[in-house]
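As given, the protein sequences belong to chains A and B, one line each in that order. Sequential numbering from 1 applies to the first sequence in my numbering. Sequential numbering from 503 applies to the second sequence in my numbering.
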Amino acid sequence: MLGRIPFISLLLAIIHTSAGLLILIFSSWFIAACALMPANFNYMLPAVIIRGLALTRIGAGYGHMWLAHHDLLGRTTWLRSQLFSRLKDKYLPTRAGDVERLATQTETLSSLWVGWVAHQASAVVLILLSVGIVSSLALPGTKTMGIMAFSWLLLTVWLVVYGLRTAKKQVQEETAFRFCSEHFLNSSSLWHMQLKEHNGRFPSAPDLRSVWRDHQRIESAGQWALWCLQGLAIVGLLTLFWLNKNQGFNDPTSLIVPMLLLSITDWLGRPLTTAAHYGRYRQAYESVNQNEGEPLPEAVSGEAQEHIVLKDFQSAYLSQGVNVRLPAKGLVILSGPSGCGKSSLLLALAGMTQAQGSLYFDGKQVEAGRRENWVYVEQSPFVLEATLKMNLAPNNLKLADDDAHQALNEFGLAHLSDLEMWLGKGGRRLSGGEGRRLSLARAWLAKPAVWLIDEPFEGLDTANVEGVAESLVTQSKTTLVIIATHVLPTMVAEKAPLIIEM
Amino acid sequence: MSPSQTLSSWFQQSVATNDAASGRVLVALTFLQVLRDVALIAAYWGFAGIVSEWTISGQSATPSMLWLTAIGLVLVWLTTGFSIFLNHRKRLQLSGALQQRLMDTFFHQQHALLRQQSTFYWQTLWQMHLPAIVNWHFDYRVQQQVAVVVPLIALVAIFTVNLVVGASLLITLPIVPLFMVIVGKGAASLHRKHFIALERLGRLFVDRVSALPLLTVFRAHDTQQQLLDKAGHRLRDRTMKVVSIAFLSTTILDFFSTLAVALIAVYIGFTLLGEFDLGEAINLQQGLWLLLTAPLLLAEMKKLGQFYHQKAQAEAAREALQDLLSEDAATSGAKGKPLTSLTLSGVLTTAPELSTSGLRLNQGDKVLLSGASGAGKTVLMEYLCGQRTGLEAPLGDYALLTQTPVVLPGSVKENLTLGGYYSAEELDNVLDAVALSDWVQALPAGINTPMGEHPPLSGGQGQRLAIARVLLRQPQVWLLDEPTAHLPAQQHDDISRLIRLACKDATVIWASHKPLPAEWFTQHWVVKDGDIVC
């Protein structure tokens, strides 16, 4: 799930921070060495090294920034692609904003490397490097550095554990808030009565303060940890100065440990303040991975030649099944008030929801499921954020322009002549009626044997109802057209041999 | 709000009123950070002194230098701790205060405001935009001050120690404001481009995931997946080309601060060796101190660059919040009062505008309100009950019934009482009156059955429950906003008769598209393009 490790970008991040620390330590050593001026001190080489380190730092910084952003964008695409392919032929039960949240979480997850691993890896390298150098030179303060390294390790482990726990709690509280606020915001038309019952106060209004407090806790844990380490470094530094009577005198290397302690917030600051963020990445990882969706019924094959019989057939989620015999070609109307199960029956027939009861083609029992030539047209039409052409044939990038125009023409959309027109989010550029007719044109292009259409006439004006009705009646001469509707245009009513009251 | 208003002045004028975000906290936080840096500069002097005594004179630290270092560093530590503490405490306080403001605005404008946007919109506003303002206020604004003050102090200190280094840094000082602009602009454009890229990628992903059923029906999943991948990579390549330049602004600052250290080190080293002589004597203590202090000139500015995304987020938040956080939005409404008679004329409310040449509403009136959808029927009702500004003494005791009944996830009983106290008899009576008694009895736990996420009610039953809820309260005025709009003809007749019976003693304003008997009403108002005619 985490994918390829961005080695080069990590390496550059480590070089960038290491060079920053080295340049400070090396420069101070250089100055001290110059002041002491041993007889054969070669000052040119260190001067070159200092400048070299400066350039290395700058170059590595730029390189890291570039590669990390490159990686971030690519990784986001990759993570989403993985998720998207897992969702193939699945049903994703969502609440308002869930999909948007999924998009944000993949983004968070892909910044794990640049936002967390790079910092922690730099810290490990810097700690090893400094402890290694200090102890191999047996400099004054080696023990102090050992204590600092150990404290850093303890603090980091604590931060990660604390971050994991707090982030989990925060996510739970956020979920509770979303649930609570959704009902709260949806019931705004009741507030005037609710407020009156409680003298102008709202007893159970959603509250984000605990979520914010936990968020703050994760942030401040890192800052307080750094503060503790800084305090420890100050104590270490002062002790070193206080106790040291003659060890390391007249030796420029003896200032390395004091310099490391003095600048500890510079080189361990970012790693410590970000360590507790691990919990957030973990939570993002879990919620991206948990989203498996629910599988839809299997794809099945087989077509009816003569008739289709439904026995106690309905969506598995409704109690009462439907018994009816349908022709293999013709027009069938499902009518009845909203909530009577028309849409569920269409969904069950289309294999877009689990079904109960049995289905017979020409007297032979067949499985319910998704059938290649059956097309379901939903009540609130989907319009993809794409071109008109892509919307007409989302599975076929090579749709011929003539076919597209013909389909548009068939459903009174001839005025949409620019096939490359960008339809925008949710088909913003189209009216509600145009969106509905577009979804019918899309179905027409798929050349189905069976049409399952939910409320095709809603939101259309009289002229368009006539037009759509005529097209569907024409289709019903060669195919089976099942329409669920609570308004019945006279023309359809006259042509439909079978009207099922539900 | 004028579009040219800056983020800060917007914040001061419409958010930071009445001590919600005290300016003193901002000053205190800035002061603490500046004090920390000053203490750090002092501690550096002591530190450099001790190190130079160690290495050059081969002596232990002198008490004066030791004390200077100790006091300096302890002060640094204490100010750091105190500013973390203060920052976090005040941050939570402000978050809480802003949430309260938002709630006040919600409860003042109620459905008139909330119905304008989706639930997701309001959740985002609440969850993302409020904290964005708080973060910007406490991090970015403080850092902005610190980034100006600290370099100046450091420069003055450097000048007193070494004229040459001071002068060379002074020459670069005019570049400092330039850096601020470069870093600011660079970070802004970087953030914007990166954000736009991510936003586009995210939007496409969200769009296709939301359309999963469509992709399944048309077997378009694989095609769309390939398209998503291709779009992602194309966008990445294009974005990287643009941001490569933007990264340079950050790199420039890094370049100067790194190079400054390197060059100062080399200069000091060579002066100590006697290779350079620019007329300014230098010793190790001064040299080391200069090396430590010089980075402070740019360090705070680099930090400001890190906070830059907060400014962008706060700008977005201001865009969405506009004046929802101002106190006017929350408290301008007058207390409602009982209706005896109400005379209206002239322009009633603006945005959208509603006017009349003269209307009179008396206690006990039954008014039929008609007009095309969008003409202003709903606006008139919202105006009358004070959810929109304009009416000095809005209706006090009213109940509003909307097109779509709201059923809360709690029990039937909770849906009726809304947390208030009503006797079992009162509840039975109203359920009887709306013919829901049988339905309630058939529920598994009767009146205590929870309604849950998907209430087991049809549209008509939901509206009956909503009527029962109003009936229970016996309000003085009933505002009916097309309560039967989504119901079939038969149910429209039934429910209309039910409503008429339920509100026979009250004052009623009834907006309806569908036909209602004229003899039910004492007045007929018609709204057309925001104008009400009697």
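Heads up, the beta-carbon is just placed ideally off N, CA and C, and yes, glycines get one too. Predicted model only: the values in this text are computed from it and were never measured.
Tell me which residues share the same chain as residue i and place their Cβ nearer than 8 Å to its Cβ, disregarding the 5 neighbours each side in the sequence.
i	result
LEU509 (chain B)	TRP638, LYS813, ALA816, GLU817, ARG820
CYS180 (chain A)	SER204, PRO206
PHE202 (chain A)	TRP191, GLN194, LEU195
Assign residue i to buried or exposed, taking buried as 16 or more other Cβ atoms, counted over all protein chains shown, within 10 Å of its Cβ.
i	result
GLN1020 (chain B)	It is worth fixing the name first, because residue 1020 (chain B) is Ala in this sequence and not Gln. Its Cβ having fewer than 16 others within 10 Å, ALA1020 (chain B) is exposed.
VAL768 (chain B)	buried
MET259 (chain A)	buried
ILE574 (chain A)	The shown model of chain A, from 1 to 502, leaves out residue 574 (chain A), and the question about it has no answer.
GLN223 (chain A)	buried
PRO6 (chain A)	buried
GLN612 (chain B)	buried
TRP569 (chain B)	exposed
MET390 (chain A)	buried
LYS592 (chain B)	buried
MET145 (chain A)	buried
PHE241 (chain A)	buried
PRO448 (chain A)	buried
SER859 (chain B)	exposed
PRO1017 (chain B)	exposed
Can you tell me whether DSSP reads residue i as helix, strand or coil?
i	result
ASN637 (chain B)	helix
PHE608 (chain B)	helix
LEU537 (chain B)	helix
LEU856 (chain B)	strand
PHE313 (chain A)	strand
GLY20 (chain A)	helix
LYS364 (chain A)	strand
LEU359 (chain A)	strand
ARG862 (chain B)	strand
GLY369 (chain A)	coil
PRO258 (chain A)	helix
PRO327 (chain A)	strand
LYS839 (chain B)	strand
GLU458 (chain A)	coil
TYR900 (chain B)	strand
LEU774 (chain B)	helix
VAL383 (chain A)	coil
SER597 (chain B)	helix
VAL1029 (chain B)	strand
GLU936 (chain B)	Looking at the sequence provided, one finds Val at residue 936 (chain B) rather than Glu. Reduced to three states, the DSSP call for VAL936 (chain B) is coil.
Suppose the cutoff is 6 Å on Cβ atoms and the five residues either side in sequence are ignored; what does the same chain contact list for residue i look like?
i	result
THR108 (chain A)	ALA284
VAL1035 (chain B)	VAL1028
GLY351 (chain A)	PRO297, GLY369, ARG370
THR880 (chain B)	ASP983
ASP709 (chain B)	none
Compare the beta carbon distance of residue i and residue j with 8 Å and say whether it is the shorter of the two.
i	j	result
GLU466 (chain A)	LEU423 (chain A)	no
GLY873 (chain B)	PRO911 (chain B)	no
ASN373 (chain A)	GLY412 (chain A)	no
PRO394 (chain A)	LEU594 (chain B)	no
THR571 (chain B)	LEU238 (chain A)	yes
GLY459 (chain A)	GLY433 (chain A)	yes
ALA1004 (chain B)	ILE969 (chain B)	yes
ALA35 (chain A)	LEU774 (chain B)	yes
LEU918 (chain B)	LEU959 (chain B)	no
GLY311 (chain A)	MET502 (chain A)	Contrary to the premise, residue 311 (chain A) reads as Lys rather than Gly in this sequence. Going by C-beta atoms, LYS311 (chain A) is not nearer than 8 Å to MET502 (chain A).
ILE586 (chain B)	TRP227 (chain A)	yes
With a cut-off of 8 Å, does the C-beta of residue i fall near any C-beta of chain D?
i	result
ASP641 (chain B)	Note that chain D does not occur in the displayed structure, where the protein chains are A and B.
Sorted by chain position, which residues of the same chain lie with C-beta nearer than 7 Å to residue i's C-beta, five sequence neighbours on each side aside?
i	result
SER504 (chain B)	Because SER504 (chain B) carries a pLDDT of 49, less than 50, the predicted location of this residue cannot be relied on, and no value is offered for it.
ALA563 (chain B)	ILE552, GLU555
SER27 (chain A)	ILE50
ILE1001 (chain B)	ILE969, LEU982, PRO985
**OP:** Only counting runs of 4 or more residues, tell me where the alpha helix (DSSP H) segments fall wholly within the region 621-665 of chain B, in order along the chain.
**Re:** 621-626, 632-637, 643-663
Original post:
Which runs of the beta strand (DSSP E), 3 residues or longer, sit entirely within the region 551-582 of chain B?
Top reply: none
**OP:** Please list the segments of the alpha helix (DSSP H) lying wholly inside the region 60-147 of chain A, counting only runs of 4 or more residues, in order along the chain.
**Re:** 98-110, 118-136
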